[in-house]
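In the working numbering, the protein residues as written are 1 to 548.
Here it is, written out as structure tokens:
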């Protein structure tokens with residue numbers, strides 16, 4: 001995630017003897033400022049990384065971030081291993097539990113993890129290396145300056161004596177811990193791991209088809225679940241023929257789940273069976289009467305008509321305006337017009353949404369492929385009435401994310417079904433579920449006008465952009481930046497006049513703005529994809545308001 005680290009914040013390293021006689025490094029690093037948008041100033045937040053060195057020299061590094069295919073389960077440990085000066089073949093990686101108190105914010109989004117933690121994690125490894133050198137120097141009663149490290153060992157240069165890290169680990173745990181800012185980093189010319197082609201730590205298991213993804217999780221006593229939601233967002237169950245479903249082969253439970261948490265737990269019918277296929281087949285015989293609510297009147301065709309109407313009206317506001325666009329277009333030799341649009345877009349991750357959950361005696365255990373576990377923990381606690389501290393959350397490798405798994409509705413559904421069924425369950429969405437109930441990238445409509453002079457040079461350009469919003473705000477991810485077209489073209493065509501105007505295709509047909517240097521900039525909420533907004537036209541609609 002984006003952010004910078006204030007110089008007033010410190011990084012800490014703690015050392016202790018690990019079980020079995022090894023070295024355990026507990027590392028606390030500053031959380032980048034601004035990583036929690038909208039949060040109030042508070043005591044510095046920290047993330048914790050753990051490095052274990054066993055007596056046999058094997059180094060275990062805990063990876064705190066969710067792995068969704070971006071490779072940080074490999075890249076971040078590489079930084080520590082490089083500065084620790086160990087061979088990559090001797091490194092083992094463990095996926096951390098979701099634990100904000102220990103690790104700080106654990107989010108996979110924005111593609112910034114390696115960039116933000118490059119120096120800090122190198123210093124973690126360098127501090128460990130310095131402690132191991134100090135332990136060896138004390139053993140040999142020689143100056144530390146006469147010692148060097150290589151391939152998981154400390155060598156006394158004058159005498160040629162060598163001690164492996166595994167033999168030094170217990171003694172290194174007793175060495176005073178250096179300040180991370182004071183440690184000496186390796187010259188990049190000496191890098192043996194960073195910058196070198198390195199296979200992903202999970203790649204051999206992936207190509208062998210071994211079970212490492214969320215959809216592969218199995219726990220004792222687990223049953224399988226499907227969850228039928230209304231094809232119209234915000235719809236509610238009026239009644240359902242559960243008895244017919246319960247008679248299907250393998251079905252153990254079928255019941256109505258009432259929605260309690262907007263955008264997390266909607267009304268629906270859960271079917272729990274001995275296998276996912278049995279639950280899926282039984283679902284085909286399910287008959288549900290729905291109260292589809294106000295969103296049933298929404299449609300893609302209706303949105304397109306409304307956008308065309310708005311495009312003929314003055315814009316709700318300007319995103320950017322340079323010069324007199326109307327005059328420039330009126331004075332042009334030739335005018336061109338075109339309209340472009342794009343639909344609501346689902347993320348369509350290769351692995352559909354899924355979650356394994358167990359609710360028992362007020363305690364919850366979750367195995368979820370999530371990009372953003374802590375908000376999911378909060379939603380689960382709210383939905384089923386447990387304390388956040390009573391939820392254990394395992395982060396399982398995601399089969400793709402693209403931002404979809406920043407939302408945790410499938411996690412809440414799984415826990416709610418497990419609580420009602422009284423057994424551990426694995427909820428797996430079908431591909432149809434995944435497309436119909438995504439947090440979509442909102443649709444948008446661009447109505448373009450351009451004018452050129454006798455030499456074919458652009459004299460003016462207007463983009464009337466219409467997208468979705470609620471009240472006075474664009475829906476998440478629905479807006480565009482003033483620095484995008486035509487703003488980016490301004491430097492190339494300074495003689496022209498350019499305008500970028502916007503309207504929201506909602507009932508109010510208005511967007512809020514902040515005035516900055518004469519430009520009206522869009523107020524865009526968080527980066528999460530847009531989804532249903534109950535009773536709102538920020539609802540992705542299909543024909544007659546029904547999912548395809």
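The beta carbon of each residue, even a glycine, is placed where N, CA and C say it ideally should be.
- The continuous alpha helix (DSSP H) containing residue 165 extends over residues 165–172.
- A check of alpha carbon separations from residue 113 across 74, 102, 474 and 86 identifies 74 as the nearest.
- Residue 337 carries a strand assignment under DSSP once its states are collapsed to helix, strand and coil.
- In the DSSP assignment, the residues bridged to residue 154 are 149 and 163.
- Restricted to the segment 319–403, the alpha helix (DSSP H) segments that are unbroken, complete and at least 4 residues in length are 325–330 and 373–384, listed in chain order.
- Taking the Cβ atoms as the reference, residue 272 lies roughly 17 Å from residue 366, outside the contact range of under 8 Å.
- DSSP places residue 210 outside both helix and strand once states are collapsed to three, so it counts as coil.
- For residue 130, the enclosing alpha helix (DSSP H) has its first and last residue at 113–140.
- Within a 10 Å sphere around the beta-carbon of residue 440 sit 16 or more other beta-carbons, which makes this residue buried.
- Only residues of its own chain outside the window of five on either side were considered, and among them none has a CB closer than 6 Å to the CB of residue 281.
- Non-local C-beta neighbours of residue 94 in its own chain, meaning closer than 8 Å and more than five positions away in sequence, comprise 60, 61, 62 and 63, ordered along the chain.
- Excluding sequence positions up to five before and after residue 260, its CB lies within less than 6 Å of the CB of 383, all in the same chain and listed in chain order.
- Ranked by Cα distance from residue 151, the first of 334, 85, 278 and 342 is 85.
- In this structure, 466 is the residue among 395, 265 and 466 with its C-alpha nearest to the C-alpha of residue 318.
- Counting only residues of its own chain and dropping the five nearest sequence neighbours on each side, residue 205 has a CB closer than 6 Å to the CB of 212.
- With respect to the C-alpha of residue 328, the residue from 451, 455 and 179 having the closest C-alpha is 451.
- With the rule of 3 Cβ pairs closer than 8 Å, the segment 89–108 does not count as touching the segment 143–150.
- Within the segment 392–466, the complete alpha helix (DSSP H) runs of at least 4 residues fall at 409–421 and 431–436.
- Beta bridge pairing from DSSP links residue 225 with 272 and 427.
- Of all C-beta pairs linking the segment 407–415 to the segment 379–399, three or more are shorter than 8 Å, placing the two stretches in contact.
- The three-state secondary structure of residue 179, taken from DSSP, is coil.
- As DSSP reads the structure, residue 261 sits in a beta bridge with 265.
- Ranked by how close their Cα comes to the Cα of residue 332, the residues 66, 96, 454 and 79 have 454 in first place.
- Between residue 164 and residue 22, the C-beta gap is not smaller than 8 Å, which leaves the two residues out of contact.
- Distance from the Cα of residue 51 is smallest, within the candidate group 128, 72, 108 and 67, for 128.
- Nearest to residue 54 by C-alpha distance, out of 275, 118, 108 and 168, is 168.
- Going by C-alpha positions, residue 302 is about 23 Å away from residue 347.
- Boundaries of the beta strand (DSSP E) harbouring residue 236: 236–240, taken from the DSSP string.
- Residue 185 and residue 130 have their alpha carbons spaced roughly 10 Å apart.
- In this chain, the alpha helix (DSSP H) harbouring residue 300 covers 300–311.
- In the displayed model, residue 90 falls within a helix according to three-state DSSP.
- No residue range can be given for residue 285, since it is assigned to no beta strand (DSSP E) and is classified by DSSP as neither H nor E.
- Between the C-alpha atoms of residue 180 and residue 417 there is a straight-line separation of about 47 Å.
- Using a 10 angstroms sphere on the CB of residue 227, the tally of other CB atoms reaches 16 or more, which defines it as buried.
- By the neighbour-count criterion, in which a residue is buried when 16 or more other Cβ atoms sit within 10 angstroms of its Cβ, residue 432 is exposed.
- Selection 243, 395 and 224 evaluated against residue 422 yields 224 as nearest (Cα-Cα).
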